[in-house]
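Right, one structure below, let's go through it.
So, in structure tokens, the structure goes:
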């Protein structure tokens, strides 16, 4: 099967390209470095020529109000080109619970992106993932001051990137759902507890204190970004991932 991956140089896209190739698919790996720019439309028709599916894994350059026009323009460009090229389906990587968090600009922008895909001319599958395990440390860094990490008790369900990539690959290779598939890690944690667990395995002198208003996730309602009951659950626990990354 011929599958185009947009954002192929990114955190998820690069892994997805390798996964699809290992499964025997013909993969077109595209991003700005290969001359494909969804903001301008440059190279997009050529990237989609002959593709049976296209997977969109690109991310906005910022988490603020600028995310909305970025996602709007890039998604409209991709949908027009996919329709003209008669691509069989569009697969979009998105985030669990974004419809439950209206106060966060980035989540509003991703939700608008989903709505464009849903209303667009091409059959689709939206893969919503919970927060990547790799992002827990950056989340902690955002609210670190000296030796103190301030974190809210917002509940997260961190997922291994490999489990998300597997779900995206399956979505690309199977008929479009014209709906949403959720994927999440096997365990739910309060974010402050997640921080403490991280520092037990990777101690660096910092300690976690609860601050319900700290950082991006201080704006998120308590259970809003926990996966729904029908989610596909990954097989890698956060503790397993921590131990593996500790010895890497």
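Residue numbers (the numbering used here): 2 to 249.
Yeah, the Cβ is synthetic: ideal placement off N, Cα and C, and Gly gets one too.
Residue 120 to residue 15 span [Cα, whole Å]: 28 Å
Using 8 Å as the threshold, is the stretch 75-83 in touch with the stretch 26-45, meaning 3 or more CB pairs across them? yes
Starting from residue 23, follow the alpha helix (DSSP H) in both directions and report where the run begins and ends. Counting along the chain, the alpha helix (DSSP H) containing residue 23 begins and ends at 14-23.
May I ask which residues mark the beginning and end of the beta strand (DSSP E) holding residue 123? Here residue 123 belongs to no beta strand (DSSP E), and DSSP marks it neither H nor E.
Throw me the rounded Cβ distance for the residue 200 and residue 209 pair, which I believe falls under 8 Å. With a Cβ gap of about 7 Å, residue 200 and residue 209 count as contacting.
Cβ contact check for the stretch 65-78 and the stretch 18-37: 3 or more pairs under 8 Å: no
Using DSSP bridges, identify the partner residues of residue 96. 130
What is the rounded straight-line gap between the Cα of residue 163 and the Cα of residue 132? 13 Å
Return the Cβ separation of residue 59 and residue 129 in integer angstroms, given the expectation that the two are a contact with Cβ distance under 8 Å. Not a contact, Cβ separation roughly 16 Å.
Can you give the Cα-Cα distance for residue 55 and residue 148, rounded to whole angstroms? Rounded to the nearest angstrom, the gap between the Cα atoms of residue 55 and residue 148 is 45 Å.
Let me make sure I understand the geometry here. Which of 74, 193, 25, 23 has the alpha-carbon closest to that of residue 38? 74
Quick check on DSSP: helix, strand or coil for residue 35? DSSP places residue 35 in helix when its eight states are reduced to three.
How many whole angstroms separate the CB atoms of residue 232 and residue 184, which I take to be in contact at a CB cut-off of 8 Å? 6 Å
Rounded to a whole number of angstroms, what is the C-alpha to C-alpha distance between residue 219 and residue 72? The alpha-carbon atoms of residue 219 and residue 72 are separated by roughly 24 Å.
Considering only DSSP beta bridges, list what residue 210 is partnered with. 151
Examine chain D for any beta-carbon lying closer than 8 Å to the beta-carbon of residue 139, and answer yes or no. The structure shown has no chain D; it contains just one protein chain.
Considering only C-alpha positions, which residue in the set 234, 33, 99 is nearest to residue 158? The shortest C-alpha separation from residue 158 is found at 234.
Note down the Cα distance separating residue 188 from residue 238, rounded to an integer number of angstroms. 7 Å
Under 8 Å between the Cβ atoms of residue 186 and residue 160? Yes.
Tell me the residue span of the beta strand (DSSP E) that contains residue 55. Bounds of the beta strand (DSSP E) holding residue 55 are 54-57.
Compare the Cα-Cα distances from residue 125 to each of 102, 151, 95 and report the closest residue. 95
Relative to the alpha-carbon of residue 114, which residue among 135, 134, 91 has its alpha-carbon at the smallest distance? 91
So residue 61 and residue 3 are supposed to be a Cβ contact under 8 Å. How far apart are they, rounded? Residue 61 to residue 3, Cβ: 27 Å. No contact.
Restricting to Cα atoms, I'd like to know which of 36, 213, 244, 155 is closest to residue 204. 244
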